[in-house]
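Under this note's numbering, the residue at position 43 of the sequence shown is numbered 44, and the numbers go up by one with no gaps. Written below as structure tokens is the structure these notes are about.
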Amino acid sequence: MHESDTLDISKLKLIPVAEITIGQYIINLGSVIETERLQQHYNLIISRLNEKQVIKFTDDAVLAVI
């Protein structure tokens with residue numbers, strides 16, 4: 002394993018879904034291009050694999066971003 006293969010976890014932040022903003026990068030998903038608050042959940046529109054993907058999260062979800 003090379004030093005470049007390791008993850009610097011000091012750059013990770015855990016953020017409640019309600020505080021996610023456009024442009025943040027969610028670990029293992031992609032960059033947030035839109036957020037939508039609905040009655041019982043949040044929709045995050047993510048740019049992933051050159052496509053827009055809508056992913057639903059519960060109100061109490063906490064996400065890892067860099």
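The C-beta atom is built at its ideal place from N, Cα and C for all residues, glycine as well.
Environment of residue i [buried if 16+ CB atoms lie within 10 Å]
i     : result
Gly24 : exposed
Ile27 : buried
Met2  : Unreliable placement is indicated for Met2, whose pLDDT of 49 sits below 50; no coordinate value is reported for it.
Leu39 : exposed
Span of the beta strand (DSSP E), counted from its first residue to its last, around residue i
i     : result
Ala65 : 63-66
Glu52 : 52-59
Distance CB(residue i)-CB(residue j) smaller than 8 Å
i     : j     : result
His42 : Asp60 : yes
Val55 : Ile46 : yes
Leu64 : Ile10 : no
Ile34 : Lys53 : yes
Identity of the residue in the options nearest residue i by Cα
i     : options             : result
Val18 : Gly31, Asn44, Lys12 : Asn44
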